[in-house]
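S.K.: Take this structure, written in structure tokens, and hold onto it; I'll ask about it next.
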Amino acid sequence: MALDIKGMRGVRLSDEVQSASNGSRRSIARVLSSIENGTLSLSQALESLSPIVGEVDGWSIMAITGAPGVGKSVLVDALMSRWAHQGHNTALLAVDPSSPRSGGALLGDRVRMTSVDDEAIKERVYVRSIATRATSGSVPLIVEDMAKFLVAIGWNRVLIETVGAGQSELRCAAVADRIVVVEGPARGDGIQAEKAGLLELADAILVNKCDLEGAEKHASELKESFGLGAGEAPPIMLTSGLTGEGIESAASLLHDLPSSQRAKRARMRERLLAQHERRLTSHPLYNRVMEDLAKGTLDIEKALMTLKGENHERSG
Ligand SMILES: Nc1nc2c(ncn2[C@@H]2O[C@H](COP(=O)(O)OP(=O)(O)OP(=O)(O)O)[C@@H](O)[C@H]2O)c(=O)[nH]1
Ligand SMILES: [Mg+2]
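Numbering (our numbering), first residue to last: -7 to 308.
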């Protein structure tokens, strides 16, 4: 098969994938772009790849999620650089939301990842952002495919940085094997209901910016709120990407982070719902059914019956 995307007409897919798995950053970028813009499916990309033997222990995809500006990028940079110095390779997919935000940095005004410029370790890190406004189709599924491709070509640790707000972003996190929620210092409003959904997914929580006032308070609020609920509480740690406090312990905790049963269940629920939704909305009769529902000539039960069945979107 020949890849047919801008700038690489006629390049053989198998050559490109091979070269990506040999470490060519250009080839990795090209294959990821094809997955991102929907011209290449994961199974096509993997067809020409001989499976890598030797499974890694533990996780291979970890989501780092939290409110805009809470310090995710600075943290991720510190973690990747620490792991790289210990000899581990880590790739990062940073999911950029489609709309401008308050609080965090806007696109183009991002925190510079220092690890990619560090001669000593730059071979051990790979960073790529995914502009969600440019993708058509389901962002979580695209992110999942891109992450799995990286794992398949030997990046056995892939981080996904995503803002933990909104359903699509929650579901981006849910494609990972582990989810780390990054919080900031207390803002005096306690733990709000909308946050509970995100915290439920956490295998670990980092209360970041612990150089600022309120971080310890927030950590104990979190501990308390988990104490009240059912199920195990995730480990909660204080970190500062700015001063480096807590980074060493966080890096070793996260490197071997076990999956929590509670978080896994929540993650699986998100994935199931995402797949289910996609099946409904990609059904060939979806638009007709929606029109009939709107006209009132069809009821919800019948609509569901009509849309039941095969997965229509991702064939080929
Ligand atoms: N005081 C303090 N500031 C920090 C810390 N970590 C990051 N910051 C600052 O917080 C701002 C946002 O940091 P980012 O790492 O870009 O945060 P983010 O969560 O990745 O932001 P988005 O990707 O835009 O959601 C920057 O100005 C950082 O310098 C920290 O530990 N302490
Ligand atoms: Mg960021």
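Virtual Cβ for every residue (Gly too), placed ideally from N, Cα, C.
Please read these numbers as outputs of a predicted model, since none were measured by experiment.
Which of the three DSSP states, helix, strand or coil, is assigned to residue 158?
M.R.: coil
S.K.: Where does residue 37 sit, in a helix, a strand or coil, going by DSSP?
M.R.: helix
S.K.: Can you check which of these residues, 131, 277, 247, is closest to residue 266 by C-alpha distance?
M.R.: 131
S.K.: Answer yes or no: the CB of residue 180 versus the heavy atoms of ligand 1, is any distance below 7 Å?
M.R.: no
S.K.: What do you get for residue 52, buried or exposed, if any count of 16 or more other CB atoms within 10 angstroms of its CB means buried?
M.R.: Residue 52 comes out buried.
S.K.: Can you give me the start and stop residues for the beta strand (DSSP E) that residue 58 sits inside?
M.R.: Per DSSP, residue 58 belongs to the beta strand (DSSP E) from 53 to 58.
S.K.: With DSSP as the reference, label residue 297 as helix, strand or coil.
M.R.: helix
S.K.: Leaving out the 5 sequence neighbours to the left and right, which residues in its chain are closer than 8 Å to residue 251 when beta-carbon positions are compared?
M.R.: 51, 169, 170, 195
S.K.: Check the C-beta distance from residue 22 over to residue 8 and give it rounded, since I have them as a contact under 8 Å.
M.R.: A Cβ-Cβ distance of about 6 Å is found for the pair residue 22 and residue 8, placing them in contact under the 8 Å criterion.
S.K.: What are the partner residues of residue 85, as DSSP defines its beta bridges?
M.R.: 120, 152
S.K.: Should residue 246 be listed as close to ligand 1, given that the test is whether its C-beta is under 7 Å from any heavy atom?
M.R.: Using a cutoff of 7 Å, the CB of residue 246 does not count as near ligand 1, since none of the ligand's heavy atoms is closer than that.
S.K.: What residue from 120, 107, 148, 19 has the CA that sits closest to residue 247's CA?
M.R.: Closest option to residue 247, Cα to Cα, is 148.
S.K.: Relative to ligand 2, is the shortest distance from any of its heavy atoms to the C-beta of residue 86 smaller than 7 Å?
M.R.: In this structure, residue 86 has its beta carbon less than 7 Å from a heavy atom of ligand 2.
S.K.: How is the beta strand (DSSP E) around residue 316 delimited, first residue to last?
M.R.: Past the edges of the chain, shown from -7 to 308, lies residue 316, and the structure says nothing about it.
S.K.: Leaving out five residues before and five after residue 6 in sequence, what residues of the same chain have Cβ atoms less than 7 Å from its Cβ?
M.R.: Result list for residue 6: 40, in chain order.
S.K.: Where do the N-terminal and C-terminal ends of the beta strand (DSSP E) with residue 229 fall, by residue?
M.R.: 228 to 230
S.K.: Taking contact to mean 3 or more Cβ pairs, one atom from each stretch, closer than 8 Å, check whether the stretch 197 to 210 and the stretch 285 to 304 are in contact.
M.R.: no
S.K.: List in chain order: all unbroken alpha helix (DSSP H) runs of 4+ residues lying wholly within the stretch 236 to 306.
M.R.: 239 to 247, 253 to 273, 278 to 287, 292 to 299
S.K.: I'd like to check one pair, residue 74 with residue 309: are the Cβ atoms closer than 8 Å?
M.R.: Since the first and last residues shown for the chain are -7 and 308, residue 309 lies out of range.
S.K.: Kindly examine ligand 2 and report whether one of its heavy atoms sits closer than 7 Å to the Cβ of residue 25.
M.R.: no
S.K.: Residue 161 and residue 87 look like a contact to me (Cβ under 8 Å); what is the Cβ gap, rounded to whole Å?
M.R.: Indeed they touch by this definition, with Cβ atoms about 7 Å apart.
S.K.: Output yes or no for whether 8 Å exceeds the beta carbon distance between residue 257 and residue 166.
M.R.: No. Outside cutoff.
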